[in-house]
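According to this note's numbering, the sequence shown is numbered sequentially starting from 313. Each residue gets a CB set at the ideal place from its N, CA and C atoms; glycine is no exception. Take a look at the structure set out below.
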Amino acid sequence: MTRTILINCPPWGIVMPPLGVAYLSSYLKSKGHGVDVYDLNLELFQKAGLAQKEFWNLDTINKMPPVDIARHLFYDFKEVIDRFIEKIEFFDVIGFSANNLISTTFAGLVSQCLKDKWPDKLIICGGPGCFYSWDRKVISKDAVDFFVIGEGEIALEQLLNWEKQDKSLKDKEIQIPGLIGNRTTECIKYSPAQYVENLDDLPFPTFEEFCLDQYNQGKTYRPLPLLSSRGCINRCSYCIDWYMCYPYRRRTAGNVVREIKHHVDKYGITHVEFNDLLCNGNLRALEELCGRLIDADLNVNWISYAAIVRGMGEELFEKIKKSGCHALCYGIESGSDRILKKMGKHYTRCDARELLVRTYEAGIEASINIIVGFPGETEADFKETLDFICENRRFIKQVTNVSAFVLMPGSDLAIYPHRFGIEYFAPDAPGEWTDENGLTAQTRNERVEKTRICLRQLNIPNLIINYQENDSKEKIITGNPQHKNQRTGINKPTSRAEGINILGSDKKNRKFRRHQKLNKILTLSFLLLFAVVADLYLLLIKKIRGSVIFPGS
């Protein structure tokens, strides 16, 4: 039997076991494959010193280029990784789960070590971190054999079946939907991955592969992750998650409750975190799930992301609360109706306020996410967002995430920048752009800082601050080099207000403005010249014919 191991790469959360590899393991086992799981992310975190633990800190992650963080993790823990590599010598297939660009880069570095030692091992990489081609380029061509793009259950199972075939068949053309080759690209014809239409057909994760007491050590809060749906009902212009998880599907209420009951009976859990992009994509299904949870009386609390959706009345919120929900996080993003429309949202600030009030009145904690510096956002639009937070501070428990807008490759904004007034400073620097209002990275970061100050004045907790990273890999948060964090070696400003300067952005903006002005002058000059020539031509015609009316008119 082919021996397979699935590895969760750092940095990732250490509160709960990883849901992605847990799903893959359960599915492959149900198909008769031998699978082991290893959470390398958790092991490295537990072996990290205080300085190294900063690489699991979102503030640190947002201040450093992803590739640099991956290299730090690889070389700082090289001895641990070398010992780990020796442990997996007897596995035939090695799969890496990469959740972001950092973990994709890290997986590539470990894979290269594996290939140098055992060239014949089949190495696979999958997950959101390698969904797009530009992210996969951080891995050298001889380090990984295949990438699994999209949902991995079916594609990975078909690949393992192919691996078990007679060696003589392996030179033939491989046609597995969702599979992209690296070293053997010429043998593959790519087609999109098959998504699982009926999610109830998937065996739910049992987490038997993990030592659950190793997660969130020292804390009484010990949740397990769970998915009740895949995909999203929305198509926000800045987002790529809906595309990676397309289309939207839900498990039946009974199937979800059976999974929760299994975890309660086996592990005695009292908390569940839904990892859905939104729990309220189908209000009837949500109401049925809440009803089933109430009837089951499992005494489990749960939290989830949710969207601003019309039609969520008082009765439904009471049922959600009674089923065990104690917190919902809404991606409101802006308090300006004009910007919400540009984002592709299907609600207004009034709709958002109404849902926040109903959530609060039901006794459920409401947190929100905010994006500032969206293309086309004016100072007036930004002020509307701050006003929205102020007006609704009573109903907002926490602003989970305040982010400077980042142009995500693959989103509608990146594909159709002209529709949103986006102008790039240079074609080879997609992260450096402005809009019709002259919005720059510096302006976006300043608005993040103003939002942070506003939240502090309102005494609203804020969990994550995301400043705009410079595409040239220069650090965004800059300050006096003398103010260096002694534990991490990362330059840290004495205050956020000192650290919102983007290196070179003013110079690039002035250059862009000069270029824009020159284009306008040339255009006007051409139009003026054309008008003069046309007038002279008409005068000549009139002199010759006595009229500007052409024959046959």
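Residue state for W430 is assigned as coil, using DSSP reduced to three classes.
Ranked by Cα distance from L331, the options K429, G656, R759, F519 are led by F519. By a beta-carbon distance limit of 8 Å, V669 contacts F707. Their separation comes to about 6 Å. Using a 10 angstroms sphere on the CB of Y617, the tally of other CB atoms reaches 16 or more, which defines it as buried. Inside the segment 610-659, DSSP marks whole alpha helix (DSSP H) runs of 4 or more residues at positions 626-634, 649-655, from first to last along the chain. D454 carries a coil assignment under DSSP once its states are collapsed to helix, strand and coil. Cβ-Cβ distances below 8 Å link K631 to E599, C602, G603, I606 in the same chain, with the five nearest sequence neighbours on each side left out; the list follows chain order. Looking at the DSSP output, E735 sits in a beta bridge with T746.
Per DSSP, T671 has no beta bridge partner at all. Counting only the Cα atoms, K634 lies some 43 Å from M376. The closest CA to that of L421, considering only G441, V405, I393, is found on I393.
For R315, the uninterrupted beta strand (DSSP E) run begins and ends at 315-320, by DSSP.
Runs of the alpha helix (DSSP H) lying entirely within the segment 363-420 and spanning at least 4 residues, in chain order: 370-373, 378-388, 390-399. Counting only residues of its own chain and dropping the five nearest sequence neighbours on each side, V347 has a CB closer than 7 Å to the CB of T316, L318, S337, L340, K341. With respect to N681, T712 sits close: the two C-beta atoms are nearer than 8 Å. Spatial neighbours of N411 in its own chain (CB-CB distance under 7 Å, excluding positions within 5 residues in sequence) are listed in chain order as W324, G439, P440, G441.
Approximately 18 Å separates the beta-carbon atoms of E465 and Y560; this is outside 8 Å, ruling out the contact. Contact annotation, C321 with F408: C-beta distance approximately 6 Å; criterion of less than 8 Å satisfied. In the displayed model, S549 falls within coil according to three-state DSSP, outside both helix and strand. Residues of the same chain with a CB within less than 8 Å of the CB of F402, apart from the 5 flanking positions on each side, are R315 in chain order. Non-local beta-carbon contacts of G462 in its own chain, meaning distances under 6 Å to residues more than five positions away in sequence, involve G490, A505 in chain order. The C-alpha of G566 is placed about 20 Å away from the C-alpha of P535. For G346, the enclosing beta strand (DSSP E) has its first and last residue at 346-351. When only Cα atoms are considered, V684 and T746 end up about 14 Å apart.
In the displayed model, F459 falls within a strand according to three-state DSSP. D512 is a Cβ neighbour of R563, given a cutoff of 8 Å.
E509 and F443 have their C-alpha atoms some 20 Å from each other. It is roughly 10 Å from the alpha-carbon of G625 to the alpha-carbon of L595. The closest CA to that of P721, considering only M556, F389, A360, is found on M556. Under the three-state reduction of DSSP, R534 is assigned to coil, being neither helix nor strand. E691 counts as exposed, since fewer than 16 other beta carbons sit within 10 angstroms of its beta carbon.
Here S503 is exposed, its C-beta having fewer than 16 other C-beta atoms within 10 Å.
Excluding sequence positions up to five before and after R756, its CB lies within less than 7 Å of the CB of V684, G685, A716, F717, Q780, all in the same chain and listed in chain order.
Taking every protein chain shown into account, the CB of K399 has fewer than 16 other CB atoms within 10 angstroms, so this residue is exposed. Under the three-state reduction of DSSP, Q710 is assigned to strand.
Looking at the DSSP output, R561 shares a beta bridge with R542.
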